[in-house]
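Numbering (this note's numbering), first residue to last: 13 to 588.
What follows is the structure, encoded as structure tokens:
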């Protein structure tokens, strides 16, 4: 399960599927770690040979050393290239898999989840995890090199003298334990910083999405003040994190200096006893400097991994929350022949109970209208049918099948929805209409657009059906977006048609032209239409009058005019 997992464990779940590449990476990194030790060790051999060879024999005695040194350079270069190639292959596959896995999980969330989370914040979280996955693979390969270097260095020092081995061992244990304790504190500070950073980009995303409101109300300064407050929190968390790391870096700098000093003192002492050679001097000092350099790099890498892990844990906490509405393990595929719809003792509320013991039966191919004041329950009635929210009590049946026992995909494939907010993709017109039936031909798309009274204005766009319409269809008017949304529903041709204020953005003349197409679309379908204008649903078989989460009355238009005061008031106000 992805829920409640740390970032590093989540990343490992992808790496373990690429065991061959991981093993190759470990091998190449180990080889590079050995090469780092080989350089000072070869220097030791060369100096010992030269210092113990007569001048006349130096060239002859050094030839094989030159050959070995050249071979070492070639092997070292090949090892680096192999390591870089393996890292690239792991990064490429893992990053792609991470993005796919997160999106796959994200799309399982309910409609309510996306209402409660900013789109920009979610996409930024996905990008953060993907980028950090790529960087962490590279960083882990470098840590492996340093770890192998340390182990092999201990082995070499052991063969020079036990004192070097013992000194390095004690230093490594003390240094490692102290660093572990300190980095746990930095890890927490990194998570705090990530939380503040996420809030900053969240509010920026919200402002960009609502740029028209900011302009309309001249609230640029207000938004900048609000942003400044979030930036202040971010800066303070960043300050605490970086100051803690500076303290750690100062401590580690002292430790690395101490290691070199200890080794130098031991070398002088043992040389005075004639227990080490000049070559040993070069080897021990060379290894000490290699170790301190790699330890310092590892400190930077671990700090970066800590920061990335803290950020990713925050992102994963937001993305991998439990799925609010999940298909049951034994969920069936909904097969619709007759589209009877039954609301059986349905109770539902967002915070407080809204619908209580609601009972409704809609016959197959019956045309139902929904009217009522804003907030009376029309959209909620529709959202429950689509299973965007779970019921508190009761059941909803389609064709005598409880919708909670079928897959959500099969349920929604049986319903064509045209919502009040005709939100479109930042894609071409034809792609947006084809979303109702992705394998439809262009002729089918044009036919649907003509039914929706949209073909004429589409033809006049800069690139016709291939025109990119901007984020959320921002390049189109509200009425044009609605007509494309209706064309999409026409193309889907599902047995149940649901329209939630679908013509609210249209002028009366356009709606009149569209009515014939809608009449054709509604043939042989079960239809539920929530309408802003009473005239839109006056010809429905039955009309439900909603009032404060209850169906106050239902019947034909003529019946309601005579028997429902609420409907009569709405008719007088909204009939035009």
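Heads up, the beta-carbon is just placed ideally off N, CA and C, and yes, glycines get one too. Note that the structure is a prediction, hence the values are computed from the model and not measured.
Query	Result
For the candidate residues 363, 422, 381, whose alpha-carbon lies nearest to that of residue 403?	363
Would you mind giving the Cβ-Cβ distance between residue 50 and residue 84, rounded to the nearest angstrom? I have them listed as a contact below 8 Å.	6 Å
Note down, in chain order, each residue of its chain lying with its Cβ closer than 7 Å to the Cβ of residue 588, except the 5 sequence neighbours on either side.	Confidence in residue 588 is poor, its pLDDT being 47 and thus under 50, which makes the residue's placement too unreliable to answer from.
Would you mind reading off the limits of the beta strand (DSSP E) that contains residue 534?	First-last for residue 534: undefined, no H or E at that position.
Buried or exposed: which applies to residue 277, given that a residue is buried once 16 or more other Cβ atoms fall within 10 Å of its Cβ?	exposed
Between the C-alpha atoms of residue 203 and residue 18, what's the straight-line distance to the nearest angstrom?	12 Å
In terms of residue numbering, what span does the beta strand (DSSP E) encompassing residue 469 cover?	Taken as a continuous stretch (DSSP letters only), residue 469 belongs to no beta strand (DSSP E), being part of the alpha helix (DSSP H) at 467–471.
Leaving out five residues on either side along the sequence, give the residues of the same chain with a beta carbon under 7 Å from the beta carbon of residue 184.	162
Using DSSP with H/G/I as helix, E/B as strand and the rest coil, what is residue 542?	strand
In the DSSP assignment, what residue or residues form a beta bridge with residue 566?	556
Pull up the distance between the alpha-carbon of residue 387 and that of residue 543, whole angstroms please.	13 Å
If I measure Cβ to Cβ from residue 410 and keep anything under 6 Å in the same chain, skipping five residues before and after, which residues do I get?	353
Rounded to a whole number of angstroms, what is the C-alpha to C-alpha distance between residue 576 and residue 390?	17 Å
Using DSSP's beta-bridge definition, name the partner residues of residue 355.	372, 408
Mind checking which residues open and close the alpha helix (DSSP H) that includes residue 296?	290–331
Excluding the 5 residues flanking residue 512 on each side, which residues of the same chain have their C-beta closer than 6 Å to its C-beta?	391, 394, 431, 432, 542
Between which residues of its own chain and residue 53 is the CB-CB distance below 7 Å, once the five residues before and five after are set aside?	168, 295
Thinking C-beta only, is residue 337 closer than 8 Å to residue 399?	yes
Please state whether the Cβ-Cβ distance between residue 397 and residue 510 is less than 8 Å.	yes
Would you please state the rounded distance, in angstroms, between the beta carbons of residue 418 and residue 346? I believe it to be under 8 Å.	4 Å
Can you give the Cα-Cα distance for residue 311 and residue 22, rounded to whole angstroms?	23 Å
Taking a contact to mean a Cβ-Cβ separation below 8 Å, would you say residue 537 touches residue 373 in this structure?	no
Determine the direct distance from the alpha carbon of residue 151 to that of residue 104, and round the result to whole angstroms.	15 Å
What are the boundary residues of the alpha helix (DSSP H) that includes residue 43?	31–63
For residue 491, which of 56, 464, 483 has the nearest alpha-carbon?	464
What ranges does the alpha helix (DSSP H) occupy inside the region 177–250, keeping only unbroken runs of at least 4 residues that lie completely in it?	223–228
Under the rule that 16 or more other beta-carbon atoms within 10 Å means buried, what is residue 460, buried or exposed?	buried
Relative to the C-alpha of residue 473, which candidate in 503, 489, 57 has its C-alpha closest?	489
Roughly how many angstroms lie between the CA atoms of residue 297 and residue 287, to the nearest whole one?	16 Å
What is the C-beta distance between residue 98 and residue 37, in whole angstroms, given that I count them as a contact (C-beta under 8 Å)?	5 Å
Mind checking whether residue 358 and residue 408 have CB atoms under 8 Å apart?	yes
Would the beta-carbon of residue 416 fall within 8 Å of that of residue 480?	no
If you run the structure through DSSP and keep just helix, strand and coil, what is residue 360?	strand
To which residues of the same chain is residue 500 closer than 6 Å at the C-beta, ignoring the five residues directly before and after it?	445, 447, 448
Between which residues of its own chain and residue 413 is the CB-CB distance below 7 Å, once the five residues before and five after are set aside?	346
Which stretch, first to last residue, makes up the beta strand (DSSP E) that contains residue 381?	379–383
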